[in-house]
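Below is one structure, written out as structure tokens; the observations come after it.
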Amino acid sequence: MKSKIKWAALGGLVLSFVSLLVHLFLAKSSANIVHYAGIPFMTKSWSQFIPAEDVKVPVNKKLWGKVKALEGLHPYAKPRSAYPVPITQNNGFIYAKIFGGFEKIRNSICDLVAVARLLNATLVIPEIQQSIRSKGISSNFKSFSYIYNEEQFIAALATDVIIVKDLPPNHKDARKQKQFPTFRPQHSAPPSFYLTNVLPKLKKAKVVGLIVTDGGCLQSILPNSLGEYQRLRCRVAFHALQFRSEIVALGRLMVQRLRYPGHPYRCWVLTSAPQGLNNPHMDSPYHSKPHAGFPTQFISS
């Protein structure tokens, strides 16, 4: 009996010794992994991690090769025939509320521009509800400007649709009192819906509201007679909708760091628009305060 106890004790010691060796090995092999706080660290200089522009860094040519030029697609976004410039004496204003995630916002805006052109109306910059309703977003940003460049949007479509940042003061007050008709168009609403139902109300009230919830408000493939409106949607997507400069800068920085070998990451993927837009520290990509909703570490691999 005593011999069995001795053998059991000896076995326990051997297992403990093996476990200790394994832990020491793992600790040594992971010593070269870089851990750092993600958000506070972003306030420091990236120069120690990003090579100078004149330094050639070995990269995976297949992964990071040059993207084929898209100029070949540009003609499909240009008008093919005589295309009259919009006039200020039109049928009125259209304002819109857009609901949904990132994948729906862009399509909805493209459709709204086409609808405004179809109804000969002035488009008020759409209100992106996810950013309006999210907590902690700086007052420096409105719903649209939190994601996109407003000035670029207006300038790129100057010959297509008159776009304003807000309703005139008298119309704003009337909107607060709910004096204007509103519509909830279906995702694939045909042009006839707007010409038959919305246009008469627009001419009478001079302002109508659209509530877009399904990632679009106009049928995806238009009749041949409305081919120019199809091209207009392409112009909105390819030229007018550009991310604001801070988002572009952060995107370029991320690509630079991904291309630079030897500095691994942990990647954090947004699963929904509210998850990203609800974070108060998305106002600036270089915000210095940590937040519980953000990953606090990026780890190399």
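Per our numbering, the very first residue in the sequence shown carries number 32; after that it's consecutive. Every residue gets a Cβ at the ideal spot worked out from N, C-alpha and C, and that includes glycine.
By the criterion of at least three beta-carbon pairs nearer than 8 angstroms, the stretch 227–235 is not in contact with the stretch 252–264. Across the set 118, 149 and 41, the C-alpha of 149 shows the shortest separation from the C-alpha of residue 223. Between residue 206 and residue 239, the C-beta spacing is not below 8 angstroms.
Pairwise C-beta distances place the stretch 181–189 in contact with the stretch 271–279, as three or more of them are shorter than 8 angstroms.
Taking a C-beta distance under 8 angstroms as the contact criterion, residue 117 and residue 195 do not qualify as a contact pair.
Closest in alpha carbon position to residue 225, among 246, 120 and 152, is 152.
Following the DSSP letters along the chain, one finds residue 140 inside the alpha helix (DSSP H) bounded by residues 133–149. Rounded to whole angstroms, residue 208 and residue 176 show a C-alpha spacing of 26 angstroms.
If you look at residue 184, you'll find it in the alpha helix (DSSP H) that goes 181–187.
Boundaries of the alpha helix (DSSP H) around residue 286: 276–290. Inclusion of residue 282 and residue 131 in the CB contact set at 8 angstroms is not warranted, their separation being larger than that value. Assigned with DSSP and collapsed to three states, residue 128 falls in strand. Annotation for residue 263: the continuous alpha helix (DSSP H) segment containing it runs 258–266.
Taking the CA atoms as reference points, residue 212 sits about 28 angstroms from residue 182.
Taking each of 124, 123, 161 and 215 in turn and checking the Cα distance to residue 136, the smallest one comes out for 161. The beta-carbon separation of residue 202 and residue 133, rounded to 30 angstroms, does not stay under the 8 angstroms limit for a contact.
Where residue 230 is concerned, there is no enclosing beta strand (DSSP E), although the alpha helix (DSSP H) around it starts and stops at 230–236. CA-CA distance, residue 250 to residue 155, rounds to 21 angstroms.
The DSSP-derived three-state label of residue 272 is coil.
Apart from the 5 residues on each side of it in sequence, residue 180 sits with its Cβ closer than 6 angstroms to the Cβ of 273 and 275 in its chain, given in chain order. Just so you know, the alpha carbons of residue 36 and residue 52 end up roughly 25 angstroms apart. Residue 241 is positioned such that its CB atom lies closer than 8 angstroms to that of residue 127. In this structure, residue 243 places its C-beta atom within 8 angstroms of the C-beta atom of residue 129. Assigned with DSSP and collapsed to three states, residue 224 falls in helix.
In the DSSP assignment, residue 205 falls within the unbroken alpha helix (DSSP H) covering 200–207.
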